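In terms of the numbering used here, the sequence shown opens at residue 838 and continues consecutively.
Glycine included, every Cβ here is placed at the ideal spot set by N, Cα and C.
Just so we're clear, the structure is a prediction, and the values are computed from it rather than from any experiment.
Working notes, structure below.
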Amino acid sequence: MERIGDIVASIRSYVGLLRKKPILGVVEQLQSTQVYGKQLPSYGDDAAAIPWQDGYLLLAADGLMTELLINEPYAAGKASVMVTVNDIYSMGGRPLALVNVLASGHPVQRQDIVKGIEKGCHKLRVPMVGGHLHPDASVETPALSVAILGFARKLLRSHLAAAGDDLILAVDLEGRLGCRSVTSWDANSGKTSEQLCHRLESMPEIAEKKLAVAAKDISNAGIVGTMAIMMENSNKGAVIDLDALPRPGSLGLAHWLHCFQSFGFVLAAAPQNTSEIINVFKDHEITARRVGTVKAEPVVSLTMNGKTMQAFDFRHEAITGIRCLLA
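Here is the structure:
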């Protein structure tokens, strides 16, 4: 039987979480450039939000891990589309177009990556409209980054979780373990484009109905790691009930908590909206449950089998170090 102490230790030491540490230095170095734009201040958002007409342009970028590109180039190409599309939907938006920067000097490797990109674009119905190719990179040093433009009428933000909010986890349990190079849960393969887009439409629907204002997509920090980052961004804490998490019966809890999700979002919402949010996800064939409560004190604790244990104390430590101190 898994023990809460082992679960907390595995979350805190997980490489997907630890690799978030350098983000703050980059953000701080580039902060001064934001005087030139009209974008909203960001405290860990999955995409930049730029006021535009009756809503917001959303702009995001992601890079793929070298190991994945080398070992599973086709899967990496598909993933590059999926992760950027999720960034847009996580903020209540819909994708408009993608561009990419690809470095690969090996014809077969490059072809496999591009085939994966093509497949991802068709599956998620978003065009790849341009980019840049470095055709001289060695087979051992490929690189792929993808940027995306989207549009939202109403926003879901990373830093707006409020004390007393419910935490809601939404995941697609109809999937399987993903590619070998990354700990992941693949709920996209085997589904039609219509099915995938129908599921993703749940997020802008929730935003436009003003049922929630805070959300993030489950990143490679894992399920609890992503929840903790949203609490850090919001300068809040939480009590998370591990027994309440929806998960496939085939996976142990620690493994599930580490999985990057091809469809996975965490939301913070006023308790009176929780049932309606869960019903929206149900209508879109997604499993969603209330899994915790946001607290004013910036400490994240986990409960399991009647036991409670502190996982993060943002008064004394950081994951990304990015937090909103305005409220």
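Worksheet entry | Limits of the alpha helix (DSSP H) - the one that residue 908 falls within | Taken as a continuous stretch (DSSP letters only), the alpha helix (DSSP H) holding residue 908 covers 903–908.
Discussion item. Can you give me the C-alpha to C-alpha distance between residue 1129 and residue 1085, rounded to a whole angstrom?
Written reply: 19 Å
Practice prompt. Kindly indicate which residue of 1071, 1157, 854 has the alpha-carbon position closest to the one of residue 1096.
Written response: Here the closest residue by C-alpha is 854.
Item to complete: Pull up the distance between the alpha-carbon of residue 908 and that of residue 982, whole angstroms please.
Response: 17 Å
Fill in: Assigned exposure category for residue 1068 - 16 Cβ within 10 Å defines buried
buried
Worksheet item: Are there 16 or more other CB atoms within 10 angstroms of the CB of residue 1012, so buried, or fewer, so exposed?
Response: buried
Worksheet item: Is the beta carbon of residue 1030 sitting closer than 9 Å to the one on residue 960?
Response: yes
Worksheet item: Assuming residue 954 and residue 914 make a contact with CB atoms under 8 Å, what is their CB distance in whole Å?
Response: 4 Å
Worksheet item: For the alpha helix (DSSP H) that contains residue 995, what are its first and last residues?
Response: No alpha helix (DSSP H) holds residue 995; DSSP gives it neither H nor E.
Discussion item. Here's the rule I'm using: 16 or more other beta-carbon atoms within 10 Å means buried, otherwise exposed. How should residue 946 be labelled?
Written reply: buried
Worksheet entry | For residue 844, the first and last residue of its enclosing beta strand (DSSP E) | That residue, residue 844, is in no beta strand (DSSP E); its alpha helix (DSSP H) goes 841–849.
Worksheet item: Who are the Cβ neighbours of residue 1089 in its own chain at under 7 Å, not counting the five residues just before and after it?
Response: Within the same chain, residue 1089 has close Cβ partners 839.
Worksheet item: So, is residue 1093 buried or exposed, given that buried needs 16 or more other C-beta atoms within 10 angstroms?
Response: Residue 1093 should be labelled buried.
Discussion item. If you follow the beta strand (DSSP E) that residue 1130 is in, where does it begin and where does it stop?
Written reply: 1124–1132
Discussion item. Please report the straight-line C-alpha distance between residue 967 and residue 1107, rounded to a whole angstrom.
Written reply: 41 Å
Worksheet entry | Delimiting residues of the beta strand (DSSP E) encompassing residue 1182 | There is no way to answer for residue 1182, as the model of the chain reaches only from 838 to 1164.
Worksheet item: Of all the CB atoms in chain C, is at least one closer than 9 Å to the CB of residue 1125?
Response: Among the chains in the structure shown there is no chain C, since it carries only a single protein chain.
Worksheet item: Taking only runs of the beta strand (DSSP E) that begin and end inside the stretch 1006–1049, which ones reach a length of at least 3 residues, in chain order?
Response: Runs found: 1021–1023.
Fill in: Distance between beta carbons of residue 1073 and residue 998, contact taken as under 8 Å
Going by Cβ atoms, the distance from residue 998 to residue 1073 rounds to 5 Å, so yes, they are a contact pair.
Worksheet item: When DSSP labels each residue in this structure, what does residue 875 get in the three-state scheme?
Response: coil
Worksheet item: Would you call the stretch 970–986 and the stretch 866–875 in contact, with 3 or more CB pairs under 8 Å?
Response: no
Discussion item. With three or more C-beta pairs closer than 8 Å as the rule, is the stretch 839–849 touching the stretch 1035–1051?
Written reply: no
Discussion item. In the DSSP output, which residue or residues are listed as bridge partners for residue 965?
Written reply: 935
Item to complete: Over the uninterrupted alpha helix (DSSP H) stretch that includes residue 1120, give me the two end residues.
Response: 1111–1120
Discussion item. Under DSSP, the beta strand (DSSP E) around residue 1147 begins and ends at which residues?
Written reply: 1144–1150
Worksheet item: How about the stretch 893–901 and the stretch 999–1011: do they share at least three Cβ pairs that are nearer than 8 Å?
Response: Segments in contact, no.
Practice prompt. Select from 891, 859, 1017, 1056 the residue whose C-alpha is nearest the C-alpha of residue 904.
Written response: When 891, 859, 1017, 1056 are compared, the shortest CA-CA separation from residue 904 is found for 1017.
Discussion item. Going by beta-carbon coordinates alone, are residue 1082 and residue 1126 separated by less than 9 Å?
Written reply: yes
Item to complete: In the DSSP assignment, find the alpha helix (DSSP H) that holds residue 1094 and state where it starts and stops.
Response: 1090–1095
Worksheet item: By Cβ distance below 7 Å, which residues in the same chain neighbour residue 1144 in space, the five residues on each side in sequence not counted?
Response: 841, listed in sequence order.
Worksheet item: In angstroms, rounded to a whole number, what distance separates the CA positions of residue 1077 and residue 1101?
Response: 16 Å
Fill in: Residue range of the unbroken alpha helix (DSSP H) whose run includes residue 1103
Unbroken run through residue 1103 is the beta strand (DSSP E), 1101–1106; no alpha helix (DSSP H).
Worksheet item: Do the stretch 929–936 and the stretch 1105–1125 meet, that is, are 3 or more Cβ pairs less than 8 Å apart?
Response: no
Discussion item. Using CA atoms only, rank isn't needed, just tell me which of 1063, 932, 1147 is closest to residue 985.
Written reply: 932
Discussion item. Mapping the DSSP letters down to three states, classify residue 868 as helix, strand or coil.
Written reply: helix
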